[in-house]
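Undergrad:
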Amino acid sequence: MKEYWRFYWPLAVTGVAMVVVVQFQNAALARYPQAATEIAIFALSYSTFALFRAGLNFVAQLSNVYGRSAHGIRLTRRFVLAVSTLSALLLLVAGLSAPGGRLVQAVYNLDQALLLRVQEYFVYLAPMLLLDAQRFFLNGLLIQARLTGRVTLLNMMGLAVTISGLLLGLSLGLRPVQVLVGAEFAGALLQVLAMLWVKGRYYQMPQQQEHHQLRYVDLTRFFIPVATTGLMFALSRPVLYAAVSRMEEGLLYIAAMRLAFDFSQMFQQAANQFRHFFVTFGLSDLRSKRRFLLLIWAGLTLLMCLLAFTPAVQWIWLRAMGIPADLIAPAAQVLMVLCLMPGIILLRNYFHGILMVERRTGSMAYASILRVLGIYGVAQALVWLGWLDHVAAAWTLLGGFLIEALVVAYSGRRYSSPGR
160 MKEYWRFYWP LAVTGVAMVV VVQFQNAALA RYPQAATEIA IFALSYSTFA LFRAGLNFVA
220 QLSNVYGRSA HGIRLTRRFV LAVSTLSALL LLVAGLSAPG GRLVQAVYNL DQALLLRVQE
280 YFVYLAPMLL LDAQRFFLNG LLIQARLTGR VTLLNMMGLA VTISGLLLGL SLGLRPVQVL
340 VGAEFAGALL QVLAMLWVKG RYYQMPQQQE HHQLRYVDLT RFFIPVATTG LMFALSRPVL
400 YAAVSRMEEG LLYIAAMRLA FDFSQMFQQA ANQFRHFFVT FGLSDLRSKR RFLLLIWAGL
460 TLLMCLLAFT PAVQWIWLRA MGIPADLIAP AAQVLMVLCL MPGIILLRNY FHGILMVERR
520 TGSMAYASIL RVLGIYGVAQ ALVWLGWLDH VAAAWTLLGG FLIEALVVAY SGRRYSSPGR
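Counting in the working numbering, the sequence shown runs from 160 upward without gaps.
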């Protein structure tokens, strides 16, 4: 158990650090006139950007699994570069072309002025896809070598640079898109450069090297199902935002939902790191892993409830972040519902890790597709009934993730017998 904790806690800190910066982004947007509109525009832009980055979120697992020989590392890096370049080009099409603009406008029910703001974010964010892909690739290799402590330090450094960039951009009076994307790009770039130095100095190939005959088709077979899983995860927010945008106070509720979703994401990211356990430690001693998972679930849920059901989170949003008062109450209502999310995420990720080790990632894709279909179906039904609001949207999101968790649990049960 101690070995698990020593491995896990740096990853948990890393996962939280990856989304702490989003809280600072929201705080920065709160300093602009019409803060609720700025937050809503960023929510729509970034959730769409997340669709193009979705598959890249599993690049760390890809490099961890297949980067176990010089040939495996070389081929995986080329594969990741090709995928990220394609994603960046597609995002530029959405940001620069008339058909892309019409599609975004139809999905989110935007007027022309808001559409242009959203498309501008797409153009600024496209290079981030190339940078993030390399960051995730190097992250997977460092985790494979159990250099999780250094991964945490590098993430802290990137976070510090990003926050400094936000403060600098605000002091210079730059526009929101320049402040937010510029700061994030600077933090990610410095982190990639530092990761390259750490890899060159400390990384050692596994003693038992594998995948000397790795082919692009092998990477594709592994990557497409997990990329689909990531894409479906990223679709969850846009599907709800698109439904809520039809409401009378749609922009206000979208801004409130973003605040709550982003805050809860800190706890979800800590839970997401559990996938790395099985890739690194294998499938032995599952009973101990399950006990460790339950301890992590209890800790995350307790902390989240203490924040959500007390004035603490409202103080953070209002006093520390300067969020407009009219967003606080609806955001807090959404966050209370999302306190159930860490348990669902941990259940899902327990079986995700097992299925990745067993190279049975197809069922992960099917489960994620069912999640999005469930969210879309319930959201449309609520719109038709006139029952959709920010709280109903939160319950809908929760239900979708529960569907996914149950499906992967059914698929992975054969590999997680009680005797293991």
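Just so you know, even glycine gets a beta-carbon here, dropped at the ideal spot from N, CA and C.
1. Within its chain, find whatever has a CB closer than 6 Å to the CB of L467; leave out the 5 residues flanking it on each side and keep chain order.
2. According to the neighbour-count rule (16 or more other Cβ atoms, all chains shown, within 10 Å of its Cβ), is V531 buried or exposed?
3. Determine the direct distance from the alpha carbon of M523 to that of H511, and round the result to whole angstroms.
4. If V320 and A345 are in contact, beta carbons under 8 Å, what's the gap, nearest whole angstrom?
5. Using only CA atoms, which one of I562, M515, F281 and P483 lies nearest to A194?
6. Please report the straight-line C-alpha distance between S243 and C464, rounded to a whole angstrom.
7. Per DSSP, what kind of secondary structure is F468 in: helix, strand or coil?
8. In or out: Y267 buried (at least 16 other Cβ within 10 Å) or exposed?
9. Rounded to whole angstroms, what is the Cα-Cα separation between T307 and L394?
10. With burial defined as no fewer than 16 other Cβ atoms inside 10 Å of the residue's Cβ, what is the status of A247: buried or exposed?
11. Once DSSP output is grouped into helix, strand and coil, what is the label at L452?
12. For T379, is the classification buried or exposed, using 16 other Cβ atoms within 10 angstroms of its Cβ as the cut-off for buried?
13. Could you have a look at V178 and say whether DSSP puts it in helix, strand or coil?
14. Would you identify the three-state DSSP class for Q366, choosing helix, strand or coil?
15. Would you mind sorting S219 into buried or exposed? The rule is 16 or more other CB atoms within 10 Å of its CB.
16. Is V376 buried or exposed, if buried means 16 or more other CB atoms sit within 10 Å of its CB?
17. Would you kindly work out how many angstroms separate the C-alpha atoms of L454 and R572, rounded to a whole number?
18. Apart from the five residues on each side of it in sequence, which residues of its chain come closer than 6 Å, Cβ to Cβ, to T388?
19. Please state if the CB of L274 and the CB of G260 are separated by a distance shorter than 8 Å.
20. Using a threshold of 7 Å, is the CB atom of V516 nearer than that to any non-hydrogen atom of the ligand ZN?
21. State buried or exposed for L556, treating a residue as buried only when at least 16 other CB atoms are found within 10 Å of its CB.
22. Looking at C-alpha atoms only, which residue of G409, M480, L290 and Y225 is the closest neighbour of V516?
23. Please go through the region 233–289 and give each complete beta strand (DSSP E) segment of 3 or more residues, from N-terminal end onward.
24. Determine the DSSP secondary structure at G332, reduced to helix, strand or coil.
25. Taking the alpha helix (DSSP H) that F201 belongs to, which residues open and close that run?
26. One question on the structure: do V357 and L301 come within less than 8 Å of each other, judged by their Cβ atoms?
27. Could you work out which residue in Q303, Q424 and V336 is closest to Q366 when comparing CA atoms only?
28. Of the residues Q428, Q350, G324 and L348, which one's Cα is nearest the Cα of V338?
29. Can you tell me where the alpha helix (DSSP H) holding M399 begins and where it ends?
30. Report the rounded CA-to-CA distance for I383 versus L462, giving the unit in angstroms.
31. So what's G512 in DSSP terms, helix, strand or just coil?
32. Rounded to whole angstroms, how far is the Cβ of A430 from the Cβ of I504, which I believe are closer than 8 Å?
33. Does the region 180–187 come close enough to the region 470–484 to have 3 or more Cβ pairs within less than 8 Å?
34. Please report the distance separating the alpha-carbon of M364 from that of R227.
35. Using only CA atoms, which one of E343, G299 and L269 lies nearest to L288?
36. With 16 as the cutoff for other CB atoms within 10 Å, does F560 come out buried or exposed?
TA: According to the structure shown:
1. One detail in the question is off: residue 467 reads as Ala in this sequence, not Leu. Excluding positions up to five away in sequence, the list reads L494, M495 and C498.
2. buried
3. 7 Å
4. 6 Å
5. P483
6. 37 Å
7. coil
8. buried
9. 30 Å
10. buried
11. helix
12. exposed
13. helix
14. coil
15. Before going further, note that residue 219 is Ala rather than Ser in the sequence given. Answer is buried; the Cβ neighbour count reaches 16.
16. exposed
17. 21 Å
18. M523, A524 and S527
19. yes
20. For the structure depicted, the ligand ZN is absent and the ligand set is empty, with no information on it obtainable.
21. buried
22. Y225
23. none
24. coil
25. A194 to R212
26. yes
27. Q303
28. G324
29. Per the sequence shown, residue 399 should be read as Leu rather than Met. Looking at the DSSP string, the run of the alpha helix (DSSP H) that includes L399 is Y375 to V403.
30. 35 Å
31. helix
32. 4 Å
33. yes
34. 6 Å
35. E343
36. buried
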